[in-house]
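Colleague:
Number of protein chains: 2
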Amino acid sequence: MSLSHAQEFEIQERIKDLCFAAREAWFSLSNLPADKRNEILTCVAKKLEQEKQVIFAANQVDLEQGTKDGLSNALLDRLALNEKGFQGILESLKQIAALPDPLGILLENTTRPNGLQITKITVPIGVIGIVYESRPNVTVEAAAISIKSGNAVILKGGKEAFHSNTVLANCFTEVLDELKLPKGFVTLVPFKDRLATLELLKQTGKVDLIIPRGGSGLIEFVLENSRIPVIKHDKGLCHVFIDEEADFKKAIVISVNAKVSRPSVCNAMETLLVHDEISQALLPALIGALRKENVRLKGCEKCRAIDPSLEVATEEDWGTEYLDKILSIRIVNTLQEAIAHIEKYGSRHSDAIITENKKTAAKFIQQVDSSAVFVNASTRFNDGFEFGLGAEMGISTEKIHARGPMGLREMTTYKYIVLGNGHVRV
Amino acid sequence: MSLSHAQEFEIQERIKDLCFAAREAWFSLSNLPADKRNEILTCVAKKLEQEKQVIFAANQVDLEQGTKDGLSNALLDRLALNEKGFQGILESLKQIAALPDPLGILLENTTRPNGLQITKITVPIGVIGIVYESRPNVTVEAAAISIKSGNAVILKGGKEAFHSNTVLANCFTEVLDELKLPKGFVTLVPFKDRLATLELLKQTGKVDLIIPRGGSGLIEFVLENSRIPVIKHDKGLCHVFIDEEADFKKAIVISVNAKVSRPSVCNAMETLLVHDEISQALLPALIGALRKENVRLKGCEKCRAIDPSLEVATEEDWGTEYLDKILSIRIVNTLQEAIAHIEKYGSRHSDAIITENKKTAAKFIQQVDSSAVFVNASTRFNDGFEFGLGAEMGISTEKIHARGPMGLREMTTYKYIVLGNGHVRV
């Protein structure tokens, strides 16, 4: 469905206007005290409870449209809001409200030899644009994290969740209105078209940061078109390396957990690397444990020499994020070969080593360039809640600003405050 | 001068190759101990001294070519390397070598309720591409800061400094070679063409960060084309606001210092805001002091009612970074009006208030969204050395990762290290 020029123009103008309004709202609200920010979240939780039936009805409309449009079962599943999911949203609002204030934290405090007093404190980033897909709970959680950290937020959800997102975002704007705060603090982009996203990505000076969360198509589109800094939440091609000095029991339970506890997420294992020295002894039991969980297994030639029933793993497999119960296994001769494989094919997300040798572990930790490196623990722990951040915007695959789990603190920047007494620079 | 397809292809292939080599070098060197990184810098300082005549000769070639090409005096001035500038380069190398190691700093250390031990430490970012103009000293300082912080660096200098940059960068590669370290750790892009920059900006997966330093044309080009995260070093449109409760003496010395101590840099004042209550009493003396320093003055209507000899400041003036001895003066009725002016026209770089009223200062600090906010001090202090960072890559105009002065610490990222004992996620 292509748009007329008039429609395109209208979308572009509306996006500019709503970004301007968001910036104005942020400017007037950037000093909102913590209790007021928390009050917004508490009121939104109440409002959501009141509007529960309306929310479920809107979700139903999206689900019916999605079924008609032939969305996959996996997508419909992520789109569906059930009672448990709804309670989870309410719970997350309460948890975020209860977390400590990430603003005004003193990072540094020095007096320079010339007497200038310099302090560095955390402040909100400003207006944050979040571009995401499917799951309607992201609408509430992203808005809540943004408010808590003093940022205004512009939400651009997927078209498949349009009705659900609209009623959820309305709960925020109604609460802001009731509290006599500018509605521009939380804005849902009222268009389904990608042109709206494109225009959002051009609003430098009004929007300070773009966070894309979704499939590679979405991430690519944002990276290609954004003039605003981007913190992407991209894929995870995670590895577990079982060293020759691994404890077999740990190796098996961790491998199974990293693969099957939730195969569709970014911190799930996609490739298992096994040291040649122990491959004969370990692989049969390991393969058995994975097969018991219905994992489809592919292997390198050496693996297939041990178990010919494995499918052939091709070059393409080493670079594939399956997000499914599929696993490629490769036998490596040395620790260095394992590290080189991870450097070549990995996505610098979450990688683990299973070993009882501390020196080997230390080398792996130092040389693997990932946001989180695990020793004798599952990659699945790379998560804001598991790391104790309390809330999570997602898992950043950037190296700058926020690496790995992005919590409230990562939603802030800092400001230098310099106090003088007529100081001039010579 | 347009390139043939064969030449374009050659440039693109060479850029890919050198980025690959940089990544390989970084991978093998990311664990280089601090004393080895410092040794590189000390050896480069010696090498530069040995090669001094060759360096000056190359700079002379650039200057002659620049004169022939009709470069402005300001540009030629920035390009020229004199004895004082050369000694400054040697001094900065020594200073950077003497600074504490920014790597391996423990940022957090927790044991989770399930027993997982989580530590967060600073690590290098990886391969950093620096795109800059004119001043050849940037070649040495940017490379030195990158090495000190464990990053490999790819330098793309301006074509006007091509010969100077080449001999300076050669000093690094020769030292790396002598120390038997991979030369890919420091690479100067061996092409003058912008196509080389364009290709560099596409090397995702090999280059982790792009830092552009230069005029708005360069910054725009990088923002438009980069697929790699960018930390830009953009313009500064800085303000000084003289409040009604200002000390006049401080107001005058700070205004003069902020404007004239170095008008060509980003932390110089471009617009002076004066509270209406004191404008009649203060402006004549202030204007006199600025005129004595040969500052060309423009003013709003109210200013011109006080001193009709001021030129007319237009709407365009409020948004102009003069980088010269030119200043626009505006009279405002309230603190809020001053803050709103800064929000509308400023570049969120460095803004100052002159006031003896602490409450007024506190409001200004809170509401002005700039990397550094000054009270009774000159905007010219927004600088890595003045802030005590010891070395400076430049002054970031981003809000994410590095805001304001970018020192060694801002050239690092972090990594989570998670130690378990067979931990799996339930």
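From first to last, the protein sequence lines are chains A and B.
Numbering of the first sequence is given in this note's numbering, commencing with residue 91 and proceeding in unit increments.
Numbering of the second sequence is given in this note's numbering, commencing with residue 91 and proceeding in unit increments.
C-beta: ideal position from N, C-alpha, C; glycine also.
Take every Cβ of the segment 440–458 of chain B, pair it with every Cβ of the segment 467–477 of chain B, and state whether three or more of those distances are shorter than 8 Å.
Modeller: Yes, since at least three Cβ pairs between the segment 440–458 of chain B and the segment 467–477 of chain B fall closer than 8 Å, the two stretches touch.
Colleague: Taking 8 Å as the threshold, find out whether the segment 313–322 of chain B comes into contact with the segment 133–141 of chain B through three or more Cβ pairs.
Modeller: No, the segment 313–322 of chain B does not touch the segment 133–141 of chain B.
Colleague: How many Å lie between Ser118(B) and Thr450(A) at the Cα?
Modeller: Straight-line Cα distance between these residues: approximately 17 Å.
Colleague: Report the three-state DSSP secondary structure of Glu198(A) (helix, strand or coil).
Modeller: Strand.
Colleague: For Val508(A), report the span of its beta strand (DSSP E) as first-last.
Modeller: Per DSSP, Val508(A) belongs to the beta strand (DSSP E) from Thr502 to His513.
Colleague: Would you identify the three-state DSSP class for Cys390(A), choosing helix, strand or coil?
Modeller: Correct three-state label for Cys390(A): coil.
Colleague: Going along the chain, which residues of its own chain have a beta-carbon closer than 6 Å to the beta-carbon of Leu509(B), five neighbours each way excluded?
Modeller: Closer than 6 Å at the Cβ level, and outside the excluded window around Leu509(B), lie Gln207.
Colleague: Quick one: using the 10 Å Cβ neighbour count with 16 as the cut-off for buried, is Gly497(A) buried or exposed?
Modeller: Buried.
Colleague: Just tell me which of Lys453(A), Ile485(A), Leu290(A) and Ala492(A) has its CA closest to the CA of Cys109(A).
Modeller: Considering only alpha carbons, the answer is Leu290(A).
Colleague: Given that Asn423(A) touches chain B, what residues does it touch there, using C-beta distances under 9 Å?
Modeller: Those do not exist, as Asn423(A) stays about 19 Å from chain B at its closest Cβ, beyond 9 Å.
Colleague: So, for Phe454(A): in the same chain, excluding its five sequence neighbours on each side, which residues have a beta-carbon less than 6 Å away from its beta-carbon?
Modeller: Excluding positions up to five away in sequence, the list reads Ile443.
Colleague: Please decide whether His491(B) counts as near chain D, where near means a Cβ-Cβ distance under 8 Å.
Modeller: No chain D is part of this structure, whose protein chains are labelled A and B.
Colleague: Nearest to Leu197(B) by alpha carbon, out of Tyr504(B), Glu181(B), Leu376(B) and Gly512(B)?
Modeller: Closest by alpha carbon: Tyr504(B).
Colleague: According to DSSP, simplified to helix, strand and coil, what is Gly480(B)?
Modeller: Three-state DSSP puts Gly480(B) in coil, outside helix and strand.
Colleague: Applying a beta-carbon distance threshold of less than 8 Å, which residues of chain A neighbour Pro302(B)?
Modeller: Neighbours of Pro302(B) on chain A: none; closest Cβ ~13 Å, over 8 Å.
Colleague: Do Leu245(A) and Thr209(A) have their C-beta atoms within less than 8 Å of each other?
Modeller: No, Cβ-Cβ distance for Leu245(A) and Thr209(A) is not below 8 Å.
Colleague: Going by DSSP in three states, Leu183(B) sits in which element: helix, strand or coil?
Modeller: The answer is helix: DSSP assigns Leu183(B) an H, G or I state.
Colleague: Could you give the distance in angstroms between the alpha-carbon of Leu425(A) and the alpha-carbon of Lys434(A)?
Modeller: About 14 Å.
Colleague: Looking at the unbroken beta strand (DSSP E) that takes in Arg303(A), where does it start and where does it end?
Modeller: Here the beta strand (DSSP E) through Arg303(A) covers Leu299 to Arg303.
Colleague: Using the beta-carbon count (16 or more within 10 Å), is Lys382(B) buried or exposed?
Modeller: Exposed: under 16 other Cβ atoms inside 10 Å.
Colleague: Assuming contact is defined by CB atoms lying nearer than 8 Å, are Pro226(B) and Leu258(B) in contact in what I supplied?
Modeller: Their beta carbons are under 8 Å apart, which means Pro226(B) touches Leu258(B) by this criterion.
Colleague: Could you list which residues in chain B have their beta carbon closer than 9 Å to that of Glu411(A), in chain order?
Modeller: The premise fails here: Glu411(A) is roughly 15 Å from chain B at the closest Cβ pair, so nothing lies under 9 Å.
Colleague: Quick check: the Cα distance between Ile507(A) and Lys448(B), rounded to an integer number of angstroms?
Modeller: Cα to Cα, Ile507(A) sits roughly 13 Å from Lys448(B).
Colleague: Please state if the CB of Pro353(B) and the CB of Leu413(B) are separated by a distance shorter than 8 Å.
Modeller: Cβ distance < 8 Å, so Leu413(B) and Pro353(B) count as in contact.
Colleague: Could you tell me whether the Cβ atoms of Lys415(A) and Asn384(A) are closer together than 8 Å?
Modeller: Cβ atoms of Lys415(A) and Asn384(A): closer than 8 Å.
Colleague: Return the chain-ordered list of same chain residues with a C-beta closer than 6 Å to the C-beta of Asp459(B), the five sequence neighbours on each side being excluded.
Modeller: Only Arg438 meet the Cβ criterion.
Colleague: When DSSP labels each residue in this structure, what does Cys356(A) get in the three-state scheme?
Modeller: DSSP places Cys356(A) in coil when its eight states are reduced to three.
Colleague: From Val221(A) to Gly247(A), what distance separates their C-alpha atoms?
Modeller: Looking at the two C-alpha atoms, the distance is approximately 6 Å.
Colleague: From Asp159(B) to Phe99(B), what does the alpha carbon distance come to, in whole angstroms?
Modeller: Rounded to whole angstroms, Asp159(B) to Phe99(B) spans 27 Å at the Cα level.
Colleague: Using the beta-carbon count (16 or more within 10 Å), is Val151(B) buried or exposed?
Modeller: Exposed, because fewer than 16 other Cβ atoms sit within 10 Å of the Cβ of Val151(B).
Colleague: Starting from Ala467(B), find everything on chain A with Cβ-Cβ shorter than 9 Å and list it in chain order.
Modeller: Within 9 Å Cβ-Cβ: Leu206, Val508, Leu509, Gly510, Asn511, Gly512, His513, Val514 and Arg515.
Colleague: Which residue marks the beginning of the alpha helix (DSSP H) containing Lys246(A), and which one marks its end?
Modeller: Lys246(A) -> not in any alpha helix (DSSP H); beta strand (DSSP E) instead, spanning Ala242 to Lys246.
Colleague: At what residues does the alpha helix (DSSP H) containing Phe262(A) begin and finish?
Modeller: Taken as a continuous stretch (DSSP letters only), the alpha helix (DSSP H) holding Phe262(A) covers Phe252 to Glu268.
Colleague: Is the segment 165–183 of chain A touching the segment 265–282 of chain A, taking contact as three or more C-beta pairs under 8 Å?
Modeller: Counting Cβ pairs under 8 Å, fewer than three are found: no touch.
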